[in-house]
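What follows is a short report on a single structure.
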Amino acid sequence: MKAYATQYLLEDEGVQFWGNSIWPGNSHDMNPAENVGAIIKDNVEDLMANEDGQNRYSYDVLKTNIEKTLRDIEDDTALFIDLLCSMRKGFDALEAAGGGHTNF
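If you read the sequence shown in the numbering used here, its first letter stands for residue 273, the second for the next number, and so on.
If you want it as structure tokens, here you go:
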């Protein structure tokens with residue numbers, strides 16, 4: 273429900289979204305950004321879990337850990353190559369499923 277609320281808010285501000293016929297942006301099967309987002313989230317959560325006491329709840333520490341994580345993956349070409357190369361398998365699985373759910 274939060275995603276719909278966010279979309280409606282953005283649409284009210286004039287942000288245009290592609291329709292599902294153009295790109296299934298909410299599909300975990302086809303959106304490699306989901307993988308990058310999960311990697312960033314997991315890394316930041318690990319860094320925050322290792323912080324002492326109140327630092328775990330500090331905005332500045334969170335910001336620092338996000339920036340560190342982004343710097344660390346910025347030049348990880350192997351990661352991005354793997355994600356891009358896996359897209360072909362995802363497309364094939366989606367096509368085999370007739371556009372429906374896949375286990376990819």
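For each residue, glycine too, the CB sits at the ideal point set by N, CA and C. Given the structure is predicted, the values throughout are model-derived calculations rather than measurements.
Should residue i go down as buried or exposed, given a rule of 16 or more other Cβ atoms within 10 Å for buried?
i: N337; result: buried
i: T349; result: exposed
i: T341; result: buried
Take residue i and list the residues in its own chain whose beta-carbon comes closer than 8 angstroms to its own, dropping the five residues that flank it on each side.
i: V333; result: M320, E323 and N327
i: Y276; result: none
Tell me whether residue i sits in a helix, a strand or coil according to DSSP, three-state version.
i: V308; result: helix
i: S358; result: helix
i: F289; result: coil
i: D348; result: coil
i: N322; result: coil
Within this structure, are the beta carbons of residue i and residue j separated by less than 8 angstroms?
i: V308; j: L355; result: yes
Which same chain residues, not among the five before or five after residue i, have their C-beta less than 6 angstroms away from its C-beta?
i: N315; result: T341
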